[in-house]
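Engineer: Chains as they are written, first to last, in the numbering used here: chain A, 1 to 113; chain B, 114 to 1160; chain C, 1161 to 1465.
Cβ coordinates follow ideal geometry from the N, Cα and C atoms, glycine included.
In this text, all values refer to a predicted model and were calculated from it rather than measured experimentally.
Take a look at this one; I'll ask things after.
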């Protein structure tokens, strides 16, 4: 949990302190990872197993044996979405680089005020 | 009816299918694409019609066959159906609009568009908070991609900034959701609300709520965390920007509306504060913006702020679904249709700078739509924004939310500034040489469709707020529409139609208007008809002139019978907007019209605030009569409401619009403005006095203040009038001054005072109408307004000369004509009242009036003619005829003042004990007496005798030509140069110099300058750097935290 | 009907009286001023000679209808003004038509002739005419200010605007005159009066050196005759007005003659002593002392209630 929060903060720090756009994206990715970690932690219940209905878990008693499945489902979705966004951002960076040959965020200030 | 679940299903299905259909060609893909969107729109409209029947059960859809919380459920009720209908109609229209753009990017673009639509639909329908997150992300990702689709540097950069902001928001959102889940054990929104999480003081839950709403506030583009949004709006293809500004922002707002009950009390106020700040700040920062799409971006952001603020207030005051539901709907749909329409227009004409939008003149239809959208956004009736603004202010007033009222009104005034400036640039900017790009018919069609929907929604909303006398208040619009049907026919037919509808209106109002209100209705309607006849002197009138005139006159007439506050305010706004659009028709009237409408609007907003304050004392007050019970708030209410009227009468301090507007408006329109429109303010002041009397501020009566204001207006305006070179400006200042006298009369709050005011109201109508029409005729023939460029026209235009002569005699108050009646009543009243000093100043002013009267007639008609004007013809009969009707009235009332004065006395009698008695035809006041009839006979008799005497004595007198003047035995080479007209009162100007500093103008210029500069300094925070934007978002988080923790 | 006829007969008699009185006053004044200058001066009946000369001129030119009507307006204004003022208190035949209006009517009717005259002169096209009118108008606005304030103070004092009533209130000896009961108003009024008579130092509208005779530059023959007639009537009417307002009015014709003559002499004396003002000087002068006194006179009543 603490690690997650720390990661989120590190990610934010990266986002606002790095001029390089790729590093900024990495900052966001780190923050997302931290968040995902927090989500998993929240769903985790000591002494229980993964919420997968296979041999290790009794189907009827599953609710008592497995950790909360919902956060895990959420994490999966969140990861997918995060990946998609990061990929899209990277594409944008590539396109931007092609236009201006710079990865510095400060070079893209044509739109302002 | 379609089950809601089919929307996501079909959207996803078609998205997968579209690439497969690629091989069948573009047409098939587009067909399928549009078919899908049509299906959505049709389904949504079907739901809407289903829910329009009261008490229809809400549709629930449970996925996977379980009830929540185990499954995700979708819900469609009335609110959802409204949103879905709007969003899907927008999606369809947007798709039609964007079709070419999307086609250029291939099939994937259409898939993105479908997903974007799906996301919006999902945001509206889902009741599961995590699902909400998913739909939000779908919408956002689709939006990112749509923005970057054109691969332009600006779009990509803007998209990247958007993505940074979006990612941050989604991190916060997810964080919040997971914490909330932990606390409540459910993801279902209804379940969470039922758990009433915010009640406890659990820091974890508060933190979760903080994260959740922080994210939504960022998505709502709150100041200052909204730089990215501005860039997106500016850079994205306008079609895409329209989808984001209206569509996805709207859907996100609705999602926020759904989950808002989760937030605790502290958030309600925070939302109100943040939203108001955003509304004011973004409109403020937009003042110096010249980039069209970015300007729209500022406005969009501001509107989101307004919506959030209203949402906050609605919860803060515990009325989320009653009154505020209406307000939210009105404001939301107003923004929704108008903003989409404006972006589309921006996309059609492809002009970056607002100043280049004059190109719209090449396409009147598009200009018309543009005008409608702008007026809608500013909140003029009958658009939805007007009703929303009204209801919002009345509710906030009832809650005594003074700060909210002032901030929101300030914000909407600022918004009006740049929109109206823009409208002015479009209508009266430098004409563009480049032709308008060939207009795409589907694009024009959807824009027009939205304009119509916007109008229809407005009228529909208005109908529900104006239950009583709906038709009376709707008349002006209906009559204008009727006359609009005649546009394009000959001028004679249009004028005839106008006269017919005015007669009809008079007939309709006749039973309702009584006493003073009848008097004013009489002036407004018959005066209007007379002026309509005069307008015939020009053969050509472009479309819209007569409908607007009818709108102006009939809303003026309706003002006289409006007994409800809303009805009055609506008619007032209609009158303002129609007169503004009329003034804007003048060739150089861009700036003057802007100044006029801004002052008027400022005044109207003050009036609105006044009505709102009344709600605090008399909750639910609807009628003027309730102003009598204003109690402790009487002073502030009187002050606020009177501002609107003082602007209209151009009282000193609020007058700077008047000289320019009068001078630059079309010549016959100026006559109408001065003779008729300025009386609207007088009518308002009378109403205010009837219902509120003269409230006391400590021991100072507000009517004393008003009296001094009138006195000083009369004095300074008259003083300025004498130094004008432009005939119309001279008369404009004169109008301001003359109306100042009327204000004095009203302020006296006595029988004689009101008689003076009412007498002068009619008299000013008569002589100022006469003078302006006569001058219009002169300008029509000579082509100049500068008096020194004329001279000696008495020989060429004797009938016009006679008009002006009678006009100035009536104006200056020289007996025996009607003008004297006004002076006599005024001084008797002033001295009776004990206002001696005011009487002295008024007298001074009226002697100064001789100076400009003489200057007017001398410079134009007397002296030496200009050689190029030797062949000038008399003014057209069509403009002379109304003048002579006015002259006839002047003579009748001069000969028989009793015919007017006695009825007036009866009209005033209900309010004050009469102090004017009669002995035959002699009017007797407490101080003196006056017999206009004997006076007239006496003067005519003596005049005739002297005339006969001179006729006899001067027989054989020879007439000499104007050019053979001689002095010192020398005949000037160019005699016209000796016409003493320019800078006529130079020595007087030297003597009066200390009084001639335009302090008021400087003051207002300063206000304008500083406001605009302040806005442009503030907007520097949006430095274009994506990283700074991210920092601003984090800063916003801190501010928000402080706010919620503090609240 | 008899009443009306009688009134008209009285009015005509009254007019004849005042016309001749005015002519004589002007003539006598010219004589006195000449003596003060050390000249012999014209005979006291010189105004009659001038008038006859103007009427019998063989050449007569005019510039158009308004030029032609100017003198008519002017004389109508003069006669009308006189008709509105009761000349002698208590005398039936010198009441004129004062029942048709009060003081407000009188002071506004003063402008009638001025305006008509200005219009007529304007049509002549001579720049001196226009300049003279400009000066006259500008100057008038200034001198009217203290005058108006004085009148307001008087009206506030007597609670009436009826001239007859004001005179009635002053009967019973010099102690009841406005001069005594309301010295500030009288002072303001009499300073304004200097301006209204348009004698030196306020004769700037006809300044002989700069714009010879000003507005009337182009007027000749019978047109000029009308103006000369007006001059006597108009001046007398104004004198009577001031007498009524501040000096107790008159109960008999000799009293009126004496009082008005003295009042007239006030402005003549001032004129002999002081040189002419420029326009802005005159305007500013009126705004300073006379206006201040007038304001003071009015404020006293405003404060008293």
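If we count the other Cβ atoms within 10 Å of its Cβ and call it buried at 16 or more, is residue 928 of chain B buried or exposed?
Structural biologist: Result: buried.
Engineer: Would you tell me roughly how many angstroms separate the C-alpha atoms of residue 302 of chain B and residue 372 of chain B, rounded to the nearest one?
Structural biologist: Each residue's alpha carbon lies about 7 Å from the other.
Engineer: Can you grab the Cα-Cα spacing for the pair residue 1095 of chain B / residue 898 of chain B, in whole Å?
Structural biologist: Roughly 13 Å between the two C-alpha positions.
Engineer: Using beta carbons (cut-off 8 Å, strictly below), is residue 987 of chain B in contact with chain C?
Structural biologist: No, residue 987 of chain B does not count as interfacial toward chain C.
Engineer: State the start and end residues of the unbroken alpha helix (DSSP H) segment that holds residue 1019 of chain B.
Structural biologist: Segment 1010-1021, the alpha helix (DSSP H) holding residue 1019 of chain B.
Engineer: Could you check whether the Cβ of residue 1161 of chain C sits closer than 8 Å to any Cβ belonging to chain B?
Structural biologist: Low local confidence applies: a pLDDT of 49 at residue 1161 of chain C is under 50, so the model's placement there is unreliable, with the coordinate-based value given in what follows. No, its Cβ sits nowhere closer than 8 Å to a Cβ of chain B.
Engineer: DSSP on residue 1161 of chain C, reduced to helix/strand/coil?
Structural biologist: Its pLDDT being 49, under 50, residue 1161 of chain C is placed unreliably by the model, and nothing is read from it.
Engineer: Could you check what DSSP says for residue 809 of chain B in three-state terms: helix, strand or coil?
Structural biologist: It is a strand residue.
Engineer: Quick one: is residue 272 of chain B near chain A, going by C-beta distance under 8 Å?
Structural biologist: So yes, residue 272 of chain B belongs to the interface.
Engineer: For the candidate residues B:147, B:323, B:570 and B:722, whose alpha-carbon lies nearest to that of residue 512 of chain B?
Structural biologist: Nearest option by C-alpha distance: B:722.
Engineer: So with Cβ pairs under 8 Å, would you call residue 1455 of chain C a contact of chain B?
Structural biologist: Interface residue, yes.
Engineer: Three or more beta-carbon pairs under 8 Å between the stretch 593-601 of chain B and the stretch 650-665 of chain B, yes or no?
Structural biologist: Touching, yes.
Engineer: Can you find a CB in chain B that lies within less than 8 Å of the CB of residue 1283 of chain C?
Structural biologist: Chain B, which has a Cβ nearer than 8 Å to the Cβ of residue 1283 of chain C, makes this yes.
Engineer: Starting from residue 903 of chain B, find everything on chain C with Cβ-Cβ shorter than 8 Å and list it in chain order.
Structural biologist: Neighbours of residue 903 of chain B on chain C: none; closest Cβ ~13 Å, over 8 Å.
Engineer: Since residue 362 of chain B sits in a beta bridge, which residues does DSSP pair it with?
Structural biologist: The partner list for residue 362 of chain B (beta bridge, DSSP) is empty, contrary to what the question assumes.
Engineer: Within its chain, find whatever has a CB closer than 6 Å to the CB of residue 720 of chain B; leave out the 5 residues flanking it on each side and keep chain order.
Structural biologist: Within the same chain, residue 720 of chain B has close Cβ partners 754 and 757.
Engineer: Would you decide whether residue 98 of chain A is buried or exposed? Buried here means 16 or more other CB atoms lie within 10 Å of its CB.
Structural biologist: Exposed.
Engineer: Could you tell me which residues DSSP pairs with residue 104 of chain A in its beta bridges?
Structural biologist: DSSP output for residue 104 of chain A lists A:20 as bridge partner(s).
Engineer: What does a CB cutoff of less than 6 Å around residue 742 of chain B pick up in its chain, not counting 5 residues either side in sequence?
Structural biologist: Excluding positions up to five away in sequence, the list reads 731.
Engineer: Return the residues of the stretch 953-975 of chain B that lie within a Cβ-Cβ distance of less than 7 Å from chain C, sorted by chain order.
Structural biologist: Cβ contacts with chain C: 953, 956, 957, 960, 961, 963, 964, 967, 970, 971 and 975.
Engineer: When you compare only the Cα positions, how much space is there between residue 895 of chain B and residue 877 of chain B?
Structural biologist: Rounded to the nearest angstrom, the two C-alpha atoms are 26 Å apart.
Engineer: Could you check what DSSP says for residue 847 of chain B in three-state terms: helix, strand or coil?
Structural biologist: Helix.
Engineer: Under 8 Å, Cβ to Cβ, is there at least one residue of chain C near residue 1103 of chain B?
Structural biologist: Residue 1103 of chain B counts as touching chain C.
Engineer: I'd like to know if residue 1051 of chain B contacts chain C, where contact means its C-beta is closer than 8 Å to some C-beta of that chain.
Structural biologist: Residue 1051 of chain B counts as touching chain C.
Engineer: What's the C-alpha gap between residue 1172 of chain B and residue 242 of chain B?
Structural biologist: Since the displayed chain B opens at 114 and closes at 1160, residue 1172 of chain B lies outside it and no answer follows.
Engineer: What residues from the stretch 342-366 of chain B come within 7 Å of chain A, judged by C-beta to C-beta, listed N to C?
Structural biologist: Going along the stretch 342-366 of chain B in chain order, one finds 344, 347 and 348 with a Cβ nearer than 7 Å to chain A.
Engineer: What first and last residue would you give for the alpha helix (DSSP H) that runs through residue 319 of chain B?
Structural biologist: Segment 316-332, the alpha helix (DSSP H) holding residue 319 of chain B.
Engineer: I'd like to know whether the C-beta of residue 23 of chain A is nearer than 8 Å to at least one C-beta of chain B.
Structural biologist: Output row for residue 23 of chain A: interface = no.
Engineer: Using a C-beta to C-beta distance shorter than 9 Å, which residues of chain A count as neighbours of residue 446 of chain B?
Structural biologist: Here the premise fails: no neighbours, minimum Cβ distance about 29 Å.
Engineer: Restricting to runs no shorter than 4 residues, where is the alpha helix (DSSP H) found entirely within the stretch 540-616 of chain B?
Structural biologist: Correct list: 554-578 and 583-597.
Engineer: Would you identify the three-state DSSP class for residue 86 of chain A, choosing helix, strand or coil?
Structural biologist: Residue 86 of chain A: helix per DSSP, three-state reduction.
Engineer: Mapping the DSSP letters down to three states, classify residue 387 of chain B as helix, strand or coil.
Structural biologist: Three-state DSSP puts residue 387 of chain B in a helix.
Engineer: What residues of chain B sit near residue 106 of chain A, judged by a beta carbon separation below 7 Å?
Structural biologist: Those are 1138, listed as they occur along chain B.
Engineer: At 4 residues or longer, and completely inside the stretch 442-516 of chain B: list those alpha helix (DSSP H) runs for me, N to C.
Structural biologist: Counting whole runs of 4 or more residues, the stretch 442-516 of chain B contains the alpha helix (DSSP H) stretches 477-491 and 497-511.
Engineer: How long is the line joining the alpha carbons of residue 1168 of chain C and residue 1324 of chain C, rounded to whole angstroms?
Structural biologist: Spanning the two alpha carbons is a distance of roughly 19 Å.
Engineer: Comparing C-alpha positions only, which one of B:792, B:1039, B:548 and B:908 sits nearest to residue 937 of chain B?
Structural biologist: For residue 937 of chain B, the nearest C-alpha among the options comes from B:1039.
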